[in-house]
Amino acid sequence: MDHVAILRKSKISKDDNLLQDILDGKKTIESRWYVNKIAPWNKICTGDTIYFKESGCSVTAKAVVSKVLQFEDLNEAIIQEISILYAKGIAPKLSILDFEKWALSASKRYCILAFLKDVVPVSAFDIDKMGFGISSAWLVVGDIKNVMK
984 MDHVAILRKS
994 KISKDDNLLQ
1004 DILDGKKTIE
1014 SRWYVNKIAP
1024 WNKICTGDTI
1034 YFKESGCSVT
1044 AKAVVSKVLQ
1054 FEDLNEAIIQ
1064 EISILYAKGI
1074 APKLSILDFE
1084 KWALSASKRY
1094 CILAFLKDVV
1104 PVSAFDIDKM
1114 GFGISSAWLV
1124 VGDIKNVMK
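Numbering-wise (this note's numbering), the sequence shown opens with residue 984 and increments by one.
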């Protein structure tokens, strides 16, 4: 199964460059935090491929999913556990404490962690998001060829 993850240049702190951190091997976990169970909840598995693009830009990287963890009914204890165990892989430029503060302030109920391996740049290509919703930041596409322009 192929997925497209759309990243903002600055997500957790203003100095983030999430796509470059993924390509550099510093960001080894893609996380998604939600109020409701939306994609990729229960739709992403080990061995799937995630294609990455920044908002408003072309797809320029891909990675294979080595492991997926899902957390629900987030509370302070679960967020603290996620922070201690995974913050450096999610947001390598933040301290664990700053990451935990961000996660607590986000007021989300669900968290998905997709562990990345075999990260490589790809020749840039655009996608067609028609049918996925204008503000969708994660697309479960089946085969990437289905959305390539």
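Every residue gets a Cβ at the ideal spot worked out from N, C-alpha and C, and that includes glycine.
Which class does F1035 belong to by DSSP, given the choice of helix, strand or coil?
-> strand
Using the rule of at least 16 other Cβ atoms within 10 Å of the residue's Cβ for burial, across every protein chain shown, is P1023 buried or exposed?
-> buried
Of the choices V1103, I1021, C1040, whose alpha-carbon is the least far from that of K1132?
-> C1040
What residue from F1115, L990, W1085 has the CA that sits closest to I1033's CA?
-> L990
Per-residue burial, C1094 [other beta carbons within 10 Å of its own, 16 or more giving buried] = buried
C-alpha distance - C1171 paired with V1103, whole-angstrom precision = The structure shown does not extend to residue 1171, since the chain is modelled only from 984 to 1132, so the question has no answer here.
Where does the unbroken alpha helix (DSSP H) through I1079 begin, and where does it stop?
-> 1079-1088
Counting only runs of 3+ residues fully inside the stretch 1007-1082, write out the beta strand (DSSP E) ranges in chain order.
-> 1012-1017, 1032-1037, 1042-1055
Reference F1035, options A988, E1064, D1111, S1049, closest by Cα = A988
Determine the DSSP secondary structure at D1004, reduced to helix, strand or coil.
-> helix
What does DSSP give as the partner residues of G1125 in its beta bridges?
-> D985
Just to confirm, does A1074 get its C-beta within under 7 Å of one of the non-hydrogen atoms of the ligand NAD?
-> Inclusion of the ligand NAD in the displayed structure is not the case, the ligand content being empty and no account of it being possible.
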